[in-house]
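All remarks here apply to the structure that follows.
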Amino acid sequence: MLKIRLKRCGRKKQTSFKIVVMNNLDKRDGQAIEELGFINPRTKEKYLNINKINHYLSFGAKPTKTVFDILNKAKIL
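Going by my numbering, the final residue of the sequence shown carries number 81, and the count climbs one at a time with no gaps.
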């Protein structure tokens, strides 16, 4: 089953996150199928590839709760 979830990146105590599509059994920082966006909570910077997100949602990928909230704020869902 595919999940749209956050993958941690960045330096220690200066984290940022990539929004990625992964198999639900993979580790948090495991290999992603595809990168869909980027979010930096410190600078409030966001980039979301809406076309790819809608593509994977139509194939049945389920977002995690945090990603669901991010997509709701961006008015994608």
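Ideal Cβ positions, reconstructed from N, Cα and C, are used throughout, including at glycine.
Identity of the residues DSSP links to residue i by a beta bridge
{"i": "Q18", "result": "R15"}
{"i": "F42", "result": "K22, Y51"}
{"i": "K69", "result": "DSSP output for K69 lists no bridge partner at all."}
{"i": "L10", "result": "I23"}
Between the CA atoms of residue j and residue i - distance to the nearest angstrom
{"i": "R12", "j": "K56", "result": "20 angstroms"}
{"i": "A65", "j": "F72", "result": "12 angstroms"}
{"i": "N27", "j": "E38", "result": "11 angstroms"}
Check whether residue i and residue j have beta carbons under 8 angstroms apart
{"i": "S20", "j": "I43", "result": "yes"}
{"i": "K31", "j": "T68", "result": "no"}
{"i": "Y60", "j": "V25", "result": "yes"}
Buried/exposed call for residue i, threshold 16 Cβ in 10 Å
{"i": "G34", "result": "exposed"}
{"i": "R9", "result": "buried"}
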